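S.K.:
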Amino acid sequence: MPELPEVETVRRGLLPVMEGEQVRRVVLHRRDLRFPLPDDFEARIEAATIESLDRRAKYMLAHLSNGNVLLMHLGMSGRFIIHRHDETAAAGSFYHRTASDTTPKAAKHVHVVFEMASGDIIEYADHRRFGVMDVFPRAQLSSHKLLEKLGIEPLGNELSGTFLNEAFRGKKAPLKAALLDQHIVVGVGNIYACEALYRAGLSPRRMSNTITSRSGTTARAERLADTIREVLQDAIAAGGSSLRDYVNADGELGYFQHAFDVYDRAGEECRREGCSGTIGRIVQSGRSTYFCPVCQR
DNA sequence: CGGGACTCCTGCCAGC
DNA sequence: TGCTGGCAGGAGTCCC
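Those letters in the first sequence? Residues 257 to 553, by my numbering.
1) Put Asp357 into one of helix, strand or coil per three-state DSSP.
2) For Leu271, which three-state DSSP category applies?
3) Rounded to whole angstroms, what's the CA-CA distance from Arg394 to Leu326? Just pull it up for me.
4) If you check the beta carbons only, do Glu302 and Val279 fall under 7 Å apart?
5) What number of angstroms, rounded off, separates the C-alpha of Gly472 from the C-alpha of Gly417?
6) Smallest Cα separation from Glu525: which of Val539, Gln540, Tyr546 and Leu453?
7) Is the beta carbon of Arg461 sitting closer than 7 Å to the one on Pro430?
8) Measuring CB atoms only, is the segment 382-389 touching the segment 316-336, in the sense that at least three cross pairs come out at less than 8 Å?
9) By alpha-carbon positions, which one of Arg267, Ser321 and Glu371 ends up nearest to Met328?
10) Taking Val327 as part of the beta strand (DSSP E), name the residues at either end of that continuous run.
11) Determine contact between the segment 281-291 and the segment 313-325, defined as no fewer than three beta-carbon pairs at a distance below 8 Å.
12) Rounded to a whole number of angstroms, what is the C-alpha to C-alpha distance between Ala434 and Tyr448?
13) Between which two residues does the alpha helix (DSSP H) carrying Glu422 extend?
14) In chain order, what residues of the same chain have a beta carbon less than 6 Å from the beta carbon of Thr344, not counting five sequence neighbours either side?
15) What's the C-alpha gap between Asp296 and Ile338?
16) Would you check if there are 3 or more beta carbon pairs closer than 8 Å linking the segment 310-317 to the segment 397-412?
17) Check the C-beta distance from Met389 over to Val368 and give it rounded, since I have them as a contact under 8 Å.
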């Protein structure tokens, strides 16, 4: 599932075909993603050059030379498929179709196509249509509804035990729910919330305020801040090192399945040295939580 | 205002 | 074999 590391890896996969490149044409097969695409979506993008492709939380932000910003969110099933322009292809073939024609899963659900001036084609497929795209003037960036209330980035200097101590003071929601709350720390989804809590040895059911104190920080808050960052960094490193696999032969930027310690491991042995626990699964706010009831307290 | 339930959507898989 | 129901999950919205 696309959490921050997957979005970051997809962003890096898109850089070579997007950054510094001009969009020739935008083709929409349907406009109803999670929110309807604005009527002027194509017009705001066509002929513009993508000056940079950034990430904020789980959103990718393409800054366009015409002053607009293209916002893209993968939702749960969003995928990009890259068709590199094949210069060795026979004249007349605009781009080299690959085996993705035979990958019905993604090909069937291509909703947005960016035809680049380079000849490269970038397709966005999203069978569940939980993904989001929008285009708006750069001046509206900080006030954009989807961006303005986002919490801090987990990979920067802001995330610390002190920050979590402050954010979780007086917060009664379980730690798992607090980690999923994008208004506090962004980028953590269901999988990495489980993994971070496991590494921190904290129960997902523990009330958030129980890892805080009036003194400004606690050992548990420090530890959790560290494991959030580590879990995400490790996943990005794994995604980056496997980028060639990640951008598969079909040009599809898929989600690399990382090796998880607890996620989807219900009934299996806890991997912590000296722990004899068995990974359990519970449901919290409608979502599966995996954890070790023995070493997570 | 905080927190939980509900909602969007479709593919997939277990179970009958 | 084919249908059904449950599950997956990011995040906005609604309601208590």
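Even glycine gets a Cβ: it sits at the ideal position worked out from N, Cα and C. Values in this document were obtained by computation on a predicted structure and should not be read as measured data.
M.R.: On the basis of the supplied data:
1) Any reading at Asp357 needs caution, since the residue's pLDDT is 36, under 50, leaving its predicted position unreliable; the model's value is listed next. The answer is helix: DSSP assigns Asp357 an H, G or I state.
2) helix
3) 9 Å
4) yes
5) 8 Å
6) Tyr546
7) yes
8) yes
9) Arg267
10) What sits at residue 327 in the sequence shown is Leu, not Val. Counting along the chain, the beta strand (DSSP E) containing Leu327 begins and ends at Asn324 to His329.
11) At 8 Å Cβ cutoff, the stretches do not touch.
12) Approximately 13 Å, taken between the alpha carbons.
13) Gly417 to Phe424
14) Unreliable positioning characterises Thr344 in this predicted model, as indicated by a pLDDT of 44, which lies under 50. The coordinate reading is nonetheless provided below. Contacts found: none.
15) 24 Å
16) Judged by pairs of C-beta atoms under 8 Å, the segment 310-317 touches the segment 397-412, as three or more such pairs exist.
17) 6 Å
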